[in-house]
Structures are given as structure tokens and as C-alpha cells.
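Here the sequence shown is numbered in this note's numbering, starting from 85 and rising by one per residue.
Glycine included, C-beta positions come from ideal geometry on N, C-alpha and C.
Small disclaimer: the values here were computed from a predicted structure and weren't measured.
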Amino acid sequence: MAVHTIWDYITRPIAKTIDDVPWCAEAISPDWLTAVLCRGIKGTRVVSVEVCGGDQGSSVRRQLKAAYNEEGKNAGLPENLFCKTTPTVLTRLATGLSAAGEARFYRQVRRPELKIEAPICYHSAWDRNSGRSVHLFNDLIAIKAARFCRWQTPISRQQAEQIVGNLASLHGHSMTARALAQT
């Protein structure tokens, strides 16, 4: 992983196809976003992408602003995006296999029938060899004025009950799906 990370910093590869796993938000190109967001919508294209801000912890989180051609604008494709990447050795080690689990959650578990508050994931990928990962979502801060908690953020009893309710829905859905698969 360390060698891949050093190589990424030296070569600064740009993600262009859907099979590429961007090593950082700045490596996300309009071509990559077109491949990810415009699939199956004839004539649509991302013409520019701007990294607007964010923070970092176990992953590096960035807000993105996508601009589309006329067809993309008319299709109502998302302009405000949020991505999580792993550009450093520390973020790659910190996320490790959890990046694969997160990708699996958004691809297989997070479905519209699962009634929990979670962002829409447009793309999620992880590369085992390099440790790179990317998760691309709608930006809840831009579209819903969401606030994200930190460890020191106080929460009310009502919020705590909502958290427990979401977890119960998630796990209940998973248990029901497993039970049905075994019958």
C-alpha cells in the first residue's frame, strides 16, 4: 500500500474510466464523472468538476460541484456531490477492508425499500492492491442543509431514539433478507 501511495503522489494519476479508482478527489476528472453519473443517458456529459472543500479523518472527504452539458442539465443529474477517498497511507490503513464493506453496503444493502436516512451513493469502489477507495454520494449538506455530528456533538433523546430506530431498521432488514434466503 505504501508503494502505491508514493506512486500516486509522484505520478498523480487522473481517473478517466469507470474502472479507475481515484486516489484523491482532485484526481476525479469530468470523463470519470461522465462514466459514473451519465450511464445510459444519451448525450449527457460532465463538462467540469470542482473540488469545493471538506475535511479528513479515516478518509478524506470533499464536496464536489459538477457542471453538465445541456443534455445533462435537462436530465436533472446531480450537481452537488460528496466523495470519500483514501489518498494517504494512513487513510488506506485506517479504512482497510472497511472500504470494501462500505462499498458492499451501498451496492447491496442500501436500497430504497430500506427506510433509513442515508445518502444516495452513485458509485463505490475499492482496489485491494493499492488500498484506494472512492465513495461518491449526493451532498446532504448542500441539498438538505444536513449537519454531521462529531464525537463531542450533543444529541437529544429524540435524536438518540432516531439513531436506534435506524439501526433497528437496518439490522431487521438484513435479518429478514437472510431468513428468506435460507428458506
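- When C-beta atoms of the stretch 104–116 are compared with those of the stretch 155–164, fewer than three pairs fall below 8 Å, so the two segments do not count as touching.
- In the structure shown, residue 134 adopts extended strand secondary structure according to DSSP, grouped into three states.
- Inter-segment contact for the stretch 212–231 and the stretch 143–162 is present: three or more beta-carbon pairs are separated by less than 8 Å.
- In this chain, the alpha helix (DSSP H) harbouring residue 228 covers 224–228.
- No Cβ-Cβ contact shorter than 7 Å links residue 194 with residue 167.
- Spanning the alpha carbons of residue 213 and residue 241 requires a straight line of approximately 43 Å.
- Around the CB of residue 207, 16 or more other CB atoms lie within 10 Å, so the residue is classed as buried.
- Taking 4 residues as the minimum length, the alpha helix (DSSP H) runs contained wholly in the stretch 146–174 are 154–158, in order along the chain.
- For residue 236, the secondary structure class from DSSP, reduced to helix, strand or coil, is coil.
- Looking at the backbone, the Cα of residue 120 and that of residue 156 are separated by about 13 Å.
- Across the set 178, 245, 200 and 199, the C-alpha of 178 shows the shortest separation from the C-alpha of residue 85.
- A residue is called buried once 16 or more other Cβ atoms fall within 10 Å of its Cβ, and residue 233, having fewer, is exposed.
- If you look at residue 93, you'll find it in the alpha helix (DSSP H) that goes 86–95.
- Within its own chain, the residues whose Cβ lies closer than 7 Å to the Cβ of residue 118, once the five positions on either side in sequence are excluded, are 129 and 130, listed in chain order.
- A distance below 7 Å separates the beta carbons of residue 169 and residue 144.
- Residue 174 counts as exposed, since fewer than 16 other beta carbons sit within 10 angstroms of its beta carbon.
- Under DSSP, the beta-bridge partners assigned to residue 210 are 217.
- For residue 115, the uninterrupted alpha helix (DSSP H) segment begins and ends at 114–121.
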